[in-house]
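S.K.: Numbering-wise (our numbering), the sequence shown opens with residue 9 and increments by one. Just dropping this structure here.
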Amino acid sequence: AKSNAAYAAFNAARAEVRANGTLEVPMHLRNAPTKLMKGLGYGKGYQYDPDAEGGVALDQQCLPDALAERRFYEPVERGLELKIGEKLAALRAARTAARTNKGEA
Numbered sequence: 009a010k011s012n013a014a015y016a017a018f019n020a021a022r023a024e025v026r027a028n029g030t031l032e033v034p035m036h037l038r039n040a041p042t043k044l045m046k047g048l049g050y051g052k053g054y055q056y057d058p059d060a061e062g063g064v065a066l067d068q069q070c071l072p073d074a075l076a077e078r079r080f081y082e083p084v085e086r087g088l089e090l091k092i093g094e095k096l097a098a099l100r101a102a103r104t105a106a107r108t109n110k111g112e113a
């Protein structure tokens with residue numbers, strides 16, 4: 009089965025940037041090669057996904073706050089993308105549960 013979902017996601021992300029400009033990278037994702045940057049909090053609290061249980065740091069947000077709930081990729085409900093959609097839904101539910109348990113939701 010063929011799909012243009014990835015192409016549509018790319019176009020949606022590009023349209024978002026064109027409409028709203030660039031947004032700041034979350035502090036915990038920023039590289040901190042200097043003492044100054046470390047002192048400013050760059051990289052603080054970063055969680056390396058492969059080290060997390062299940063290979064995903066469920067409570068780590070990787071998009072800027074303004075885009076935290078934005079979805080660009082919407083898999084179609086057929087073929088491999090059906091399974092991808094199920095996996096993404098399970099990850100969203102697990103992230104919500106992790107944030108609720110942490111007191112963020």
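Beta carbons are placed, not taken as given, at the ideal position from N, Cα and C, and that holds for glycine. Note that the structure is a prediction, hence the values are computed from the model and not measured.
Go ahead and pull the three-state DSSP assignment for residue 114.
M.R.: With the chain running from 9 to 113 in the structure shown, residue 114 is simply not present.
S.K.: For the candidate residues 47, 102 and 40, whose alpha-carbon lies nearest to that of residue 62?
M.R.: Checking every option, the nearest Cα to that of residue 62 belongs to 102.
S.K.: Would residue 40 pass as a contact of residue 29 if the rule is Cβ separation under 9 Å?
M.R.: Against a cut-off of 9 Å, the Cβ pair of residue 29 and residue 40 comes out as no contact.
S.K.: How big is the Cα-Cα spacing for residue 13 and residue 27?
M.R.: Distance between the alpha carbons of residue 13 and residue 27 is about 21 Å.
S.K.: Leaving out five residues before and five after residue 11 in sequence, what residues of the same chain have Cβ atoms less than 6 Å from its Cβ?
M.R.: Result list for residue 11: 84 and 89, in chain order.
S.K.: Could you work out which residue in 71, 34, 23 and 81 is closest to residue 97 when comparing CA atoms only?
M.R.: Of 71, 34, 23 and 81, the residue nearest in Cα terms is 81.
S.K.: Taking residue 45 as part of the alpha helix (DSSP H), name the residues at either end of that continuous run.
M.R.: Counting along the chain, the alpha helix (DSSP H) containing residue 45 begins and ends at 43-47.
S.K.: I'd like the list of long-range same chain contacts for residue 93, defined as Cβ closer than 6 Å, with 5 residues on each side in sequence excluded.
M.R.: So the qualifying residues of the chain are 83.
S.K.: Taking Cβ positions, are residue 68 and residue 59 nearer each other than 9 Å?
M.R.: In this structure, residue 59 does not lie closer than 9 Å to residue 68 by Cβ.
S.K.: Ends of the alpha helix (DSSP H) at residue 61?
M.R.: Residue 61 -> no alpha helix (DSSP H), and no H or E assigned at all.
S.K.: If you draw a straight line from the alpha carbon of residue 105 to that of residue 77, how long is it in whole angstroms?
M.R.: Roughly 15 Å between the two C-alpha positions.
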